[in-house]
Every structure is written in structure tokens, then in C-alpha cells.
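Protein chains in written order, with the working numbering: chain A, 64 to 518; chain B, 64 to 518.
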């Protein structure tokens, strides 16, 4: 078994910290230690051995844990951490996640030496949030009760802050997550290790990266080229502009490199770029729940006029096309609903309920001129009820090779419909412009699948 | 008093409908009538006379209301509506809002003729949601309890659907609204009338438009040129692409026209364009709460590294610059907090609380190299507490001529901080990219104020 697997799938974990040590620079604190212990105890379905260097009783050093766990999670300042890693390695522990930071170069080198000496693998140090695996409940974050719902999206973040933001977003909006990994100082386990692990992981369908720089760029691209054949890779890149890149250098010691070079390399590998955290998770949800788009032609089916026009603008702006419905489809719809003018975007009129949505969506998806559909179902100013949205899910499922996305445009409208569709196979967006961006990514991945690379 | 004012500021309103008539096309229904009556009774702080054509008792025709109101709101099919408008005009009512639709051309002409004959003004027909005025509680919408909080943003929507989406968004996210107007078929009161009214309205600070087409384009631009000297105008334009424009033609009979022409005209008038409903309200909130940006130089003050780098990317991408902090500012900050490296973006480190934010934000805002600030205060992965954000509001208020926006990046983080800052003068965004777009609009309006036009 490759050791990286132990980082996500240990049967037992040693959590090593101190109920006394508090330091400013690296963030080690009794509070953080206690919170990680809380999350591990609450969520992890394996064994957790808590090792407290200053505990009044119990195990006070890693080599004294009753059984040898596959993974140790360490919340300690550099000197203590290195000592515990070495003792743990001696004891036979094969993987380590180092949450806290403040390591000097010489200390990072000591850790690297240990990986070589003992064949252990280290994630971090300075990962801050460490790892999350929703399948076994592993949760090394120090934010109490921050646990996303189970799903098939895996996320790798170079930055603790961006990772925390992604995690918070996923929890708040119910984005189905498989695994989270925060890389931190990346002295050993890196993007390539994680990519290779996720490629084989049966619980991962979509892989998301936040990167500032990639050290072994060429190798990363080569591995990615293989991975995208079976699983899409999305990337949000920080340090795109010259000004921000300078800052990234001091933030994670990443040479962000020219954005043009990055962009070309990503394209070559079939990695799909997005522009912010919301777009990253919006696209990931679409890819995890719907098939890729096999063509450019989008139909819009809506119970309101104006938002459908904004949707049409957005679809075209994002490089897709408005499908021209066939005569047969048009007649089929207009015969059934004489008030509806069946040109794309199709306006179902404000009194449309589940039955009209089912019929029209089915007709539109049966049309060979249509490759995918954006459904808009607002509640405000219409007769639509949140539960009617289930008809969209059912009808879309009958046409499993064409993607459908759903837009209950607005604030409360989105929240109400999303509550109904949260655990369904339907991606839900609060504005048509966001749904169009998700469709664009489904099309880009469709092209990756067709051609291998070069989206 | 110009009659348009009566549409928003009546002392008394006649609500005219039927508890029996139900029609498919124009949306007239007893349910809709009852809901409007519910909202009017609940929120309107003037007198509401309910006129039910089929009521068992009570007033059954508009000319029999006990006193003459300034405004009548009509929820009736075309034939009945026209009859009631004429009787109301005879009785001396000067303004009418016609909610329901389904009017034929000849019926629209009948309404136009009545406006000329009696000097009355009509908003609609087919406005669907009609008008909202948070100052006097006027609310003619048929969605129960949809009432945004009081504020200084006024919104005009050509489309009922986009208007409903904007209203829903404003209610859900607590966007402070002054007035909403849905124009519908626009047979009389139009964009220009509303623009002129909002120019003089002391409760309106920012004017938002959703437009598909403008009939009297030249006049609109001329009026807008004057208005923007004192109040910013934001526009979301539907039917931008050729494909969507065709659809807009059948939706609101608008000749959307070439987008290039529109764009040039908007620029000439100093109208600021945005790309979706969220950007429209995000920008409006910034303009209603903060001063315009007088220069391009933005400082970023953050308790997390990665999101600050994404913020820097976004600021530069949106045409602004990263400010170079003066040596004096740098020394002032680094002397107080030796762990903080005071280059822009300034990383306050994860343990920053209110006091550090206050000190650094004050130092940065005092720097003449800085024109505005984006503050990032995440909760997850940091020690920041929601109430600490009040320090940002207080410090920003001391430097009233430079705008500050706040970003508790994420899902729950945003919700928690927004709850604290909702009624403050601080605009709050859930991602740095959205805050950068709002800053861009503050800069564009700053340029409009400097030069008059041509942003």
C-alpha cells in the first residue's frame, strides 16, 4: 500500500500535542490541540490515541501508544514535533500530518532527512487544517464541527486560508466532499502525490486544486494528462498578476511563474481553470453530478422571461450556443401547451408547475439539436413550489447523457429549492450566469474526454 | 406635485380587484388579489381601500371609495381594468399601477388615451410586482411578507422576473432598499419618468436599472448625464448577445439594439454597467454605504495569506492597483507588531483580533499612497470573532473620504459577520473577487464625479 493512502485511510491515529505549550508564531496552542481532539473523537470512525506531552496522566510520548497507528497528527512547535516524528518513525508509524508551522529551513531539512531515513511520508508542516475524509470521518481541522457532507469532490489547497474558505463554503452550501488536503510547507507529500492518490481513490470523482506555484511542474503536467482521462481536474491559481505573484513568493515560497506559461501548461494537461472559490466548487458540483457536455448547444427552459434572457446572454458569452429546437419539438410542446411559444429560451409562463416542466424538459432533451439544458424555476412572481423541482431531477435522469443544471434565481428562492435538491443529482445555482459558467466547464471537460487534452 | 410621486408616496390607496375572476393569461386571480391586500394591510402606513368587484359587501367599484386616494392599484383583466381606471380618473385619482397583464395593443392604446384625457399617470400594465417603498410601507407585490429592509437603493426593472429576483435577493441578504418599481408594458410611466423622480427623491442615493431596451434612448442619456452628477446609476442590460436580443424583442417588445451602441451611450452618460444581479446589488451597496474611490491604489489587510493573494489578483484584474505603502506606514505597523510584514497585501497573521485590525487599518488609511482598502477577516482557521468586525467599521468611519469594504470570505463566515455588520456602514462580501468588483465600481463613479461623464 502506498504510504500516502495512510494519510487519508488510517485505521488508527495518534494525535500528538500539548495541553500547555502555547506559541504565537506557529499557532500551537492547547485550544487548537483540544479542538482537533474534539473533531477526531466526534467524527473519526477509527481509533484515536491522544498523546499529551504535558498530560497529568495518559500517554505522554508517541512511542508509548498501545498499538502502532498508521498515521500521527502533530500539533507541536518545530523542536518537539521533529522529536515526536522521529520517535514515531522508530515505532513504525508510516505517515505524519504536521498541523502547526514556524519551521525554519534547517528544521524542514531535518524532517526531509527523516522521510528518507525511515521511508515515512509527511504532509506539512504548517498545513493548519490538515486533512478531512468524509468516508471514515477523519477530521484533523481545529474548527469544531466543521464537517462537509459526503460526496465525490476532493480538494487540495496549498494555502490554509483558501482551503478554510473552500471548506467553509462546502459545509455551508452542502457541497458533497470526499477529501480535503492542506499542503502547507510541502516538504514531502506534494501535488503530484495527492493527484496520484486521488486518481486511484474510488470515492473521488472530481479533483480540485488551489495552487500558487508547482515545483515539479513538468511531472505534474504529465501525471495530470493521464488523470484527466478518467477524472476532471479543476484549478484555481493564486498569484496570477505580477503584483500578487511577488506576494505569493513570501507566502508559500512559491515561484508563481508567468501566468501565460501556467495557462498553456494547464491547457496542455487538460486541467480546467476557474477564477474564484465559488466557481471552483460550482464547477466541481456540476462535474460530480452531471455528465460532460458533448456539444455546444444549450436549451433554456424557464418560468420567467427576463432571467431567461440573461441566461441566454451568459451562455453565449461563455462560448456556448443557443440550441435551435427542431420543428418536431416545437410542435410537440405547443400542441400540449398552446400558450407556450417553444423557441429557445422556452418561456413556460409564470403558472408552470411540475407537470409542464416535466413535459417540456423531456421534449427538449429528446431533441438531437440539444446537448444540455439550463432550467430556471423561480418561486417569486410565479406559481412554482420548491417540491416541483423534483420533476426536473426525475426528467433529467431519463436522459442521463445530457447534462441539466437548475437555477432557482435569487436569495430565498435558491435556499428553498436547494434544500429540496441538496441530496439529488441536480446541481443548483442562484443565478443563471453561474449556471452558464458551470455548463462551460462541463463542455470543456467534454472536449478533454474527446481529445485527451487541449481544451 | 408631479403625479409620478403619487405612485410611490400616496397617503391613501385604492386596491381594486376581484375575489372571483381567475384568468390564465394575464395572471389575475383571487389569490393574487388577496396577497396584495395582505401586504398592503400589513406594511402600508397610509389608508388602503379594498375594492372587490365581486365582494359580498363593501365597496364594489372604484368611484365609490369613501375618500379620493392619490393612487389606485389594479388587479383585473384588461376590460375591467380599463373601466376602473376611467371611473377612478373621473373620481380624481391621479396615478394607477396595473399589476396584471394580457393587454392587447388596442387596449394599451385605450389606456394611453385615458392618460391624455384625464392627465393621469399609469405604471404598467403587466408590472406583476408593481411598486415597493420602504419609507411608507407601500408594497403592491403579491408575494406575502416580501419586504426588504429600509435603505437608500432604488431599483427599476423592466422585467417582472429579474425584478422579483432582485427583490428576493435584497430581502434575503438584507440589502437596504428605498424603492422598487416594475415597469411592465410601460405604456406611460417609463425609465425617464422614474429617473427624474429618483433624482429628486431624498431617500434615494443609488439608482439601479434592469433594462432590455430603452425607447427614448437619447432623452434617457441626456437625463442620466444630469442625474449622475449627484447620484450614481447602475445598469444591468439584458439581450446583450444577438441571440438573447431576438428573444427580448418578443419578451418586452424591446429593440435591444447593438450592444456596442448601448455600451457607448451608457459610458457617455456616466452610467455604470454590471454583469449580473449579484454584481448590481453588490455595487449598489458599496455606493450607498461608502464614498467613491478618488484614486486607483488599493491596500489589502488580511488575517489569511491565500485569500489576500486572490484579492490582489482580482484588484489588478479589475483595473485597480496595489498601493505601495509608505516607509512611515510600514515602520509604524512593524514597530507595533513585529511579526507583521507591512507590505501590501498586509498579512496580519491568523491570531489578529479587533485591536490589530484597528491599528493597521488606521495606519493604512492614513497613508496618502492609499485610496481605498479591502479588509479580509476570515473566521475559519483564524482567531477572529464576528464582533471584532465592528472595529473595521469604526476605524473606517474615521477616514470617511476613503472607501473600505469587508470580506469574511466563505459561506458560514460571511453569514456570521454579515449578521453583525448588516446595519452598519460597511459593505460585506463573501469573496475577495466580489469585493474587488465593488471597488471597481466605486472607482468608476469616482471618475464620473471628477469628469462628469465618460467612465
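All C-beta atoms, glycine included, are put in the ideal place defined by N, C-alpha and C.
Evaluate contact between the stretch 404 to 413 of chain A and the stretch 366 to 376 of chain A, counting only Cβ atoms and requiring at least three cross-stretch pairs below 8 Å.
yes
What in chain A is Cβ-close to residue 222 of chain B, meaning under 8 Å?
367, 368, 369, 370, 372
Give me the subset of the stretch 341 to 362 of chain A whose CB atoms are less than 7 Å from a CB atom of chain B, sorted by chain position.
341
Three-state secondary structure (DSSP) of residue 492 of chain B:
coil
Work out the CA separation of residue 260 of chain B and residue 68 of chain B for me, nearest whole Å.
7 Å
Which residue's Cα is closest to the Cα of residue 210 of chain B: B:169, B:107, B:454?
B:107
Tell me which residues of the stretch 444 to 457 of chain B have at least one Cβ-Cβ distance to chain A shorter than 7 Å, keeping chain order.
444
What would DSSP say about residue 64 of chain B, mapped onto helix, strand or coil?
Confidence at residue 64 of chain B is low in this model, with a pLDDT of 48, below 50, so the placement of that residue is unreliable and no value is reported for it.
Going along chain A, which residues have a C-beta under 8 Å from residue 90 of chain B?
413, 414
Contact under 7 Å by Cβ, residue 452 of chain B with residue 480 of chain B
yes
Note the first and the last residue of the continuous alpha helix (DSSP H) segment covering residue 479 of chain A.
475 to 484
Starting from the beta carbon of residue 234 of chain A, find every residue of chain B whose beta carbon is closer than 7 Å, and list them in chain order.
474, 475
Looking at the structure shown, is residue 215 of chain A part of a helix, part of a strand, or coil, going by DSSP?
strand
Anything in the stretch 376 to 390 of chain A with a Cβ closer than 9 Å to a Cβ of chain B? List those residues in chain order, please.
376, 377, 378, 379, 380, 384, 385
Are at least three pairs of beta-carbons, each pair with one atom in the stretch 343 to 352 of chain A and one in the stretch 201 to 220 of chain B, less than 8 Å apart?
no
Closer than 7 Å by beta-carbon distance: list the chain A residues that pair up with residue 303 of chain B, in chain order.
376
Let me know the alpha helix (DSSP H) ranges lying completely inside the stretch 435 to 471 of chain A, each 4 residues or longer, listed in chain order.
452 to 461
Short CB-CB distance (under 7 Å) between residue 502 of chain B and chain A
no
CB contact flag (residue 242 of chain A, residue 217 of chain A, <7 Å):
yes
Ordered list of alpha helix (DSSP H) runs contained in the stretch 70 to 157 of chain B, each at least 4 residues:
93 to 106, 141 to 154
Taking the continuous beta strand (DSSP E) assigned at residue 61 of chain A, which residues delimit it?
Nothing can be reported for residue 61 of chain A, as the shown portion of chain A is limited to 64 through 518.
Just the Cα atoms here: how many angstroms apart are residue 65 of chain B and residue 464 of chain B?
35 Å
Buried or exposed, going by whether 16 or more other CB atoms sit within 10 Å of the CB of residue 519 of chain B?
Outside the shown range of chain B, which is 64 to 518, sits residue 519 of chain B, and nothing can be said about it.
Going along the stretch 404 to 438 of chain A in order, which residues come within less than 9 Å of chain B, judged by CB to CB distance?
404, 406, 407, 408, 410, 412, 413, 414
Please compile the residues from chain A whose C-beta is within a distance smaller than 7 Å of the C-beta of residue 441 of chain B.
224, 227, 228
So, does the CB of residue 156 of chain A fall closer than 7 Å to a CB anywhere in chain B?
no
Examine the Cβ distances between the stretch 216 to 231 of chain A and the stretch 124 to 134 of chain A and report whether three or more of them are shorter than 8 Å.
no
Is it the case that the Cβ atoms of residue 92 of chain B and residue 85 of chain B are separated by a distance below 7 Å?
yes
Do you know how far the Cα of residue 339 of chain A is from the Cα of residue 374 of chain A?
20 Å
Distance between residue 284 of chain B and residue 329 of chain B (C-alpha atoms, nearest Å):
7 Å
May I ask which residues mark the beginning and end of the alpha helix (DSSP H) holding residue 272 of chain A?
Residue 272 of chain A -> not in any alpha helix (DSSP H); beta strand (DSSP E) instead, spanning 269 to 274.
Tell me where the beta strand (DSSP E) around residue 335 of chain A begins and ends.
335 to 337
If you run the structure through DSSP and keep just helix, strand and coil, what is residue 191 of chain A?
coil
Judging by CA-CA distance, which residue of B:455, B:416, B:180, B:219 is the nearest neighbour of residue 437 of chain B?
B:455
Selection from A:178, A:482, A:489 that minimises the alpha carbon distance to residue 155 of chain A
A:178
Please confirm if the stretch 249 to 258 of chain B is in contact with the stretch 193 to 201 of chain B, defined as three or more CB-CB distances below 8 Å between the two stretches.
no
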